[in-house]
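Mapped onto our numbering, the consecutive letters of the sequence shown carry residue numbers 1 to 59.
First up is the structure itself, then whatever we jot down about it.
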Amino acid sequence: MLRQGVPAVPSTDIVKHLEEWRAVVRSTLDVLYNTAELTPVGAVLLAEVDDALEASKDW
């Protein structure tokens, strides 16, 4: 059930926004991997985000 006053968003719009979000996160991860001096904890966190990004393709 939709909340009153909240317009329904077509699923194609949601998919488009998710793909745009993934592209932004992917490019940010690439920059961080290539330019940052990562601590071991930072590297683990980036790897977790990277894994979550890949898993989100199945949504």
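Built from N, CA and C at the ideal position, the CB exists for glycine as well.
These numbers come from a predicted model, not from an experiment.
Next item on the list: Rank Val41, Lys16, Arg22 and Thr12 by C-alpha distance to the C-alpha of Ala55 and give the top, closest one.
Entry: Arg22
Margin query: Between Leu46 and Leu38, how many whole angstroms is the CB-CB distance? I'm expecting something under 8 Å.
Written below: 7 Å
Margin query: Taking 8 Å as the threshold (C-beta atoms), are Leu53 and Asp25 in contact?
Written below: It is worth fixing the name first, because residue 25 is Val in this sequence and not Asp. With respect to the 8 Å criterion, Val25 and Leu53 are classified as neighbours on the basis of their beta carbons.
Check: Apart from the five residues on each side of it in sequence, which residues of its chain come closer than 7 Å, Cβ to Cβ, to Leu32?
Finding: Leu46
Margin query: Given this structure, state the Cα-to-Cα distance separating Asn34 from Pro40, to the nearest angstrom.
Written below: 15 Å
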